[in-house]
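If you read the sequences in order, they're chains A and B. For the first sequence, this note's numbering assigns the number 6 to the initial residue and increments by one for each residue that follows. For the second sequence, this note's numbering assigns the number 165 to the initial residue and increments by one for each residue that follows. Every residue gets a Cβ at the ideal spot worked out from N, C-alpha and C, and that includes glycine.
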Amino acid sequence: QKEVEQNSGPLSVPEGAIASLNCTYSDRGSQSFFWYRQYSGKSPELIMFIYSNGDKEDGRFTAQLNKASQYVSLLIRDSQPSDSATYLCAVNRDYGQNFVFGPGTRLSVLP
Amino acid sequence: ETGVTQTPRHLVMGMTNKKSLKCEQHLGHNAMYWYKQSAKKPLELMFVYSLEERVENNSVPSRFSPECPNSSHLFLHLHTLQPEDSALYLCASSQAFPTGDYGYTFGSGTRLTVV
Chain A
6 QKEVEQNSGP LSVPEGAIAS LNCTYSDRGS QSFFWYRQYS GKSPELIMFI
56 YSNGDKEDGR FTAQLNKASQ YVSLLIRDSQ PSDSATYLCA VNRDYGQNFV
106 FGPGTRLSVL P
Chain B
165 ETGVTQTPRH LVMGMTNKKS LKCEQHLGHN AMYWYKQSAK KPLELMFVYS
215 LEERVENNSV PSRFSPECPN SSHLFLHLHT LQPEDSALYL CASSQAFPTG
265 DYGYTFGSGT RLTVV
């Protein structure tokens, strides 16, 4: 079983819709969870992090964490074409420095 | 600029060459990382330096040799690489644990092609 799984996509949504990106992880002891955005040909940039069960909102982005189900998601409200990118989920086991990344989900927001 | 600078941006090298990738961070972080990103594969952690000591080495072939002379600089020395080593090599930095809301800051990467 892969440690961090994401649907590779592409996930296509119309402009203005809500994009929902999902991530599951295998290590039940994982402590912290991160979402990165990577534009084609660019390096990943941190969007959000979440430690506690529930929702965390930052502007148009909402991260949702359910440790019992080992599931973390990212919602993007009012999706824009500029949100088109690959979204990487990263999981940290022990607040240490060893992050495990998922393969990423490619999002395409259609104008 | 993200605060983490990598050079060169692109590198083409033959299998018998020796080259080095350089990374410099201006964020006051004390942990630095090398990642490999190949097409259609997850980011692969190669090396971790925390407080200038290597704390992680994920079974990386010896043809890759890291060096961290201080907390702001990180190198990846390359020699006798194989074509399958062609990838995007990303440097990242962060605060060493345990701290609050931390994450990586990535550099722009070096696109390496081995011919």
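Taking a beta-carbon distance threshold of 8 Å, Leu254/B counts as an interface residue toward chain A.
Residues of chain B whose Cβ lies closer than 7 Å to the Cβ of Gly107/A are, in chain order, Pro206. Taking a Cβ-Cβ cut-off of 7 Å, the neighbours of Gly273/B in chain A comprise Ser48, given in sequence order. If you look at Leu93/A, you'll find it in the beta strand (DSSP E) that goes 90-97. Residues of chain B with a Cβ closer than 8 Å to the Cβ of Leu112/A do not exist; the shortest Cβ-Cβ separation is about 16 Å.
Look at Leu79/A: its C-beta is not under 8 Å from any C-beta on chain B. Membership of Lys200/B in the beta strand (DSSP E) is indicated by the continuous run 195-201. By the Cβ neighbour-count rule, Gly107/A is buried, with 16 or more other Cβ atoms within 10 Å of its own. Shown here, Glu20/A sits in coil according to DSSP, grouped into three states, outside any helix or strand.
Taking a Cβ-Cβ threshold of 7 Å, the residues of chain A close to Gly267/B are Phe39, Leu51, Phe54, in chain order. In the structure shown, Glu8/A falls within a coil segment according to DSSP collapsed to helix, strand and coil. Looking at the backbone, the Cα of Pro15/A and that of Thr110/A are separated by about 7 Å. By the C-beta criterion, the stretch 76-94 of chain A is judged to be in contact with the stretch 42-53 of chain A, since at least 3 inter-stretch pairs fall below 8 Å.
Listed by position along chain A, the residues whose Cβ is nearer than 8 Å to that of Leu242/B form an empty set, because the closest Cβ is around 19 Å away.
Asp32/A carries a coil assignment under DSSP once its states are collapsed to helix, strand and coil. Spanning the alpha carbons of Glu20/A and Gly59/A requires a straight line of approximately 26 Å. Interface residue (Cβ-Cβ distance to chain A less than 8 Å): Leu185/B is not classified as such.
It is roughly 14 Å from the alpha-carbon of Pro49/A to the alpha-carbon of Val105/A. Under the 8 Å criterion on CB atoms, Asn58/A is classed as non-interfacial with respect to chain B.
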